[in-house]
Structures are given as structure tokens and as C-alpha cells.
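Line order of the protein sequences matches chains A and B. Position in the first sequence (from 1) plus 225 gives the number in the working numbering. Position in the second sequence (from 1) plus 225 gives the number in the working numbering. By construction, the Cβ of each residue, glycine as well, lies at the ideal position given by its N, Cα and C atoms. Given the structure is predicted, the values throughout are model-derived calculations rather than measurements.
There are 2 protein chains.
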Amino acid sequence: MATSDFQRARSVEQKQQRRDEMLAAARKLALAKGVRTVTMSDIADDIGFHKSAVLRYFETREAVFLELATVGWVDWMDACVPAIHSSAGDPSRVARAIADTLTQRPLFCDLLGHAPMNLERGVSAEAVQQFKVIVLDQVDRFVQAATAALPSLTEADGRALVTAVCALASSLWQVSHPTEPVAALYRSNPHLGHATVDFAPALYNQSETVILGLLSRRLTPPSTN
Amino acid sequence: MATSDFQRARSVEQKQQRRDEMLAAARKLALAKGVRTVTMSDIADDIGFHKSAVLRYFETREAVFLELATVGWVDWMDACVPAIHSSAGDPSRVARAIADTLTQRPLFCDLLGHAPMNLERGVSAEAVQQFKVIVLDQVDRFVQAATAALPSLTEADGRALVTAVCALASSLWQVSHPTEPVAALYRSNPHLGHATVDFAPALYNQSETVILGLLSRRLTPPSTN
């Protein structure tokens, strides 16, 4: 669609459709080249709108991606909670449920790292509040599922677990998705091999480690001697 | 110093001194307002140079902060390795050694999150290589200390541990240092209380959990039924 074809959306339905188109474009571009590099102009160009049209819907690029992060949290829990429930009683399978549902969501893993560092700093406090309220609800869903599946875990353990797996997914995703020049560097320098990370097995192993650590603390208090 | 006072540094010593002044200014500004917001112009203004003078020493702001991250890794290991050694045999004290030495280095914790996400993407592949070589040496120092202090841990466990504590320190630091508008939001909304994090105890608890998890896997293989 040429920029000149743009007409202002009039109805509520039209406005919602425009908004959805912008979010879909942002999602597609971020999956292709990483959240960090996508600008408002990229989003506008992709759907054939002028940048000013996009700015009528979203105050900043951070607002676009914070909305995708919000949707991403609900979508992750919609998959993760039943996967945890069907793994009840088995720490390794619970870890697999958490890690697999994250691995299947590369954009969400990318967004997890950007949310506190970049996204929450580029929007209004009201937008952060809306985001936080929904995230905290999703965290509660996670905690309920994890403590039901592994009853030795306390509520605090469940919160620590979701904090840890999100930190690990976020960090491992960034490290395992370097820019092409850095990836080429790794390929040409075998002694940099330890700097490379295979995301899915690393996230699974780390998630299992955290669960085993939380369980071991409940079963045998750590030695203090 | 007024910008007009600037004279190009001629000797190797003068050049090193200029470079050190720029790094010191970047460190001071980043500690005061966070790595994310410090620009090359801020650094230049702080030391009374023109921005073009700073650009003769560092290709981008990312190059400045990648150098501070490099120095930060060596500085962390200089403190962490002896602290781990003096905690040998006690998982909780090893966790304390790791978490305390990170907590004492707020700029490094901030930089840890920025390195893969932002810093490595704003410099040449050569600069990334120099950074990686030094980081991998520091990781080796960590692994040797951790496996000596807790001999049930394998080398792979040591690498998983340093990956996890860096991911946790980075993520917890960002979450526990929101912008002032977001901090005000937390204070005024008690139901957002679970979104706030107290960095030092959270990092200690998470580090201990990961160590206990790694140890429990070595002592009793996880159940697969």
C-alpha cells in the first residue's frame, strides 16, 4: 500500500484493525532481525503508512514492544501452565515444560531482555503499570501451576523460579543470537567456542538446576559449617 | 575545562591519560544515571572536550562501555576468586562470595545486561573478539575456583554456574533499578509490590539455589519417571 493511500481509520473496528496490523508488522520485523533494531519507520514502511500514523496509535517503539511483551506473557502462560500440570511430580519434566514453551517463543525471549532494560524506560508510567498488572497475573498463574506440580515448593520458590527462568531465557537468548559479524568471529576462532551457547539445551539444563536447587533446600536445609 | 582549551594529546602517555579520563567520566556518569542513558556527548561534556576528540579514542559509546565491561570482569574475578577459595567446602558461603562481590559492583551488574544485547552490537568484530578473549579467561578463573572449592562440581557445572549468576545479576539489577517514574508507581501501588526486587538478597538466594541444584544433580541423578 502506498503512503498516499493512507486514510485515517474512523470506526473503533478500523482503529483496532490498524493497531493489529502495526503489532503484526512489529512482530514480523522483530522475529526477522531482532527487537533491538526495529524502528517506528520500519513498522510504518512495512504496512505502507506514514510514521505519523503509527505515532497516533503508539507513543514510542517501546510502547509497541511492551504491548507485544504483554501479549507474549499471556501466550506463554497459556502454553506453560497446562504443560507444567501434565508434568506434575517430576522436576525434570517440569523443567522441560518451562524450557520448551520458552524455546518455542523466540520473540518473547528477545522481549524478556528488553522489557526492564529498554522498554519500560521509553513509555509512560501508566503504560508500565498496565504491563506490570498483567505480568503479575501471569506470574501468579505460573506460581500456582509450579507449586501444584511440585508441592514441596513454596509460593516464594515459585516466584524465584519464574524470575530465574526469565533471567536465564533472556540472557541465553541474547548470547546465542549474536550479530552476523560476531557469529562469523566464533566460526573462525575455535578458541572462542566456549563463548557460543546452544539455547534450547542450555535453558533446559539451567531450568532443571534451579528446580533441583529449590527442592533440595526444602528437603535438606543447606549446611552452614 | 572549556572546549576551546582542548589540545590534541601528543605523547603515548598523554593519549593514555586522555583515554583514562574518558573512561573515568563514563564510569561516573553510568553509576549516577545508568549505562543506558550515557551518550558520547555526555562523556565529552563531563571532561570539557569536544565530542570529536572522544571519537578519536573510541569508535562508539558501546566501545567505551565494552572496555569498562572488560575491566569489570577482571576486577570481579580479582575479588571473587579469593572469596570463593576462602569459602571452600561450604555451598552457601560460595554463593555469598559470588553474590557479595557482584553486589559491590553495581556498574558491572548494569554492564552485564548491556554487553550482549547492546554493546557487542555497536562495535567492530575485532573489539568483540578482544572482549571475548578476556572474558573467557576470567570465566576460566571462575571455573577453577568454583570446582576447587566444591569438588563435586564438574567443569561444565562451573561454566553453567557463572552463566547463571551473570544472567541473574544482570536481570535482577535492571528490575531492581527502575526509572524514577516506575519506582514512584511501585510506591503508590501496594498491589505492585511483587514487582519490586531487593537486589542483594535476591541474588544471594538465586546463586545459592543454582549451586544446590548443581550439587544435587551430582549427588543424586534426577528422577526420570
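Spatial neighbours of leucine 439(B) in its own chain (CB-CB distance under 7 Å, excluding positions within 5 residues in sequence) are listed in chain order as Leu378, Asp382, Ala385, Leu386.
Collapsing the DSSP output to three states places glutamate 292(A) in a helix.
Taking all protein chains in view, the Cβ of valine 237(A) is surrounded by fewer than 16 other Cβ atoms within 10 Å, so the residue is classified as exposed. Going by DSSP, asparagine 414(A) is part of no alpha helix (DSSP H) at all; its letter is neither H nor E. About 14 Å separates the Cβ atoms of valine 435(A) and alanine 374(A), ruling out a contact at the 8 Å cut-off. If you draw a straight line from the Cα of glutamate 292(A) to the Cα of serine 413(B), it is about 23 Å long. For lysine 276(B), the CB contacts under 6 Å within the same chain, skipping 5 residues up- and downstream, are Met265, Ser266, Ala269 in chain order. Looking from the CA of arginine 346(A), the closest CA among Ala409(B), Gln431(B), Pro403(B) belongs to Pro403(B). Three or more beta-carbon pairs separated by less than 8 Å are not found between the stretch 327–335 of chain A and the stretch 360–376 of chain A, which leaves the two stretches without contact. Among the residues of the stretch 395–411 of chain B, those with a Cβ less than 8 Å away from any Cβ of chain A are Ser395, Ser396, Leu397, Gln399, Val400, Pro403, Thr404, Pro406, Val407, Ala409, Leu410, in the order of the chain. Ranking Tyr282(B), Asp365(B), Val289(B) by CA distance to the CA of glutamine 239(B) puts Tyr282(B) first. Under the 8 Å criterion on CB atoms, valine 306(A) is classed as non-interfacial with respect to chain B.
Within the model, the alpha-carbon separation for glutamine 241(B) versus arginine 235(B) is close to 10 Å. Within chain A, the C-beta atoms nearer than 8 Å to that of glycine 438(B) come from Glu433, Thr434, Val435, Ile436, Leu437, Gly438, Leu439, Ser441, in chain order. DSSP, reduced to helix, strand and coil, places tyrosine 282(A) within a helical segment of the structure shown.
Under a criterion of Cβ atoms nearer than 8 Å, the residues of chain A adjacent to glutamate 345(B) are, in order, Pro403, Thr404, Val407.
Taking a C-beta distance under 8 Å as the contact criterion, glutamine 363(A) and valine 299(A) qualify as a contact pair. Put simply, of Val306(B), Phe274(B), Arg366(B), Val407(B) the residue whose alpha carbon is nearest the alpha carbon of alanine 324(B) is Val306(B). By the rule that beta-carbons nearer than 8 Å mark a contact, leucine 332(A) does not touch chain B. DSSP, reduced to helix, strand and coil, places valine 348(B) outside both helices and strands of the structure shown, so it counts as coil.
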